[in-house]
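Everything on this sheet refers to the single structure shown next.
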Amino acid sequence: MPINSRHPSIEHLRDKARRRMPGFAFDYLEGGCNSNINLQRNTSEIRDIRLQPYYIRDYAGSDLRTEL
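Start counting the sequence shown at 2; every next residue gets the next number (our numbering).
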């Protein structure tokens with residue numbers, strides 16, 4: 002998926018939503034329960050995900066064909 006230059010991260014999308022939505026609606030969607038423990042845990046776990054790209058590999062034998 003290509004990177005959207007206007008919204009390169011979730012934080013950019015969140016800021017745009019905050020500006021465009023009524024405050025009560027944004028707070029409802031953004032908030033969590035139990036002192037936000039689960040929200041903090043989920044956000045932390047998502048931030049811990051790391052994608053490892055593979056550069057300079059031999060792809061000569063790669064086959065991108067598929068059948069539908």
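Don't be surprised by glycine CBs; every beta carbon is placed ideally from N, CA and C.
Checklist line | Backbone CA spacing between Ala18 and Phe27 [nearest angstrom] | finding: 7 Å
Checklist line | Alpha carbon of Ser36 to alpha carbon of His8, nearest angstrom | finding: 29 Å
Margin query: Can you look up Gln41 in the DSSP assignment and give me helix, strand or coil?
Written below: helix
Notebook entry, point to check: How many Å lie between Asp49 and Arg42 at the Cα?
Noted result: Cα to Cα, the separation comes out at about 11 Å.
Next item on the list: Please report how far the alpha carbon of Leu1 lies from the alpha carbon of Ser6, in whole angstroms.
Entry: Since the first residue of the chain shown is 2 and the last is 69, residue 1 is not available in this structure.
Note to self: At the 8 Å Cβ level, is Ala61 part of the contact set with chain D, yes or no?
What the structure shows: In the structure shown, chain D cannot be found, because there is only a single protein chain.
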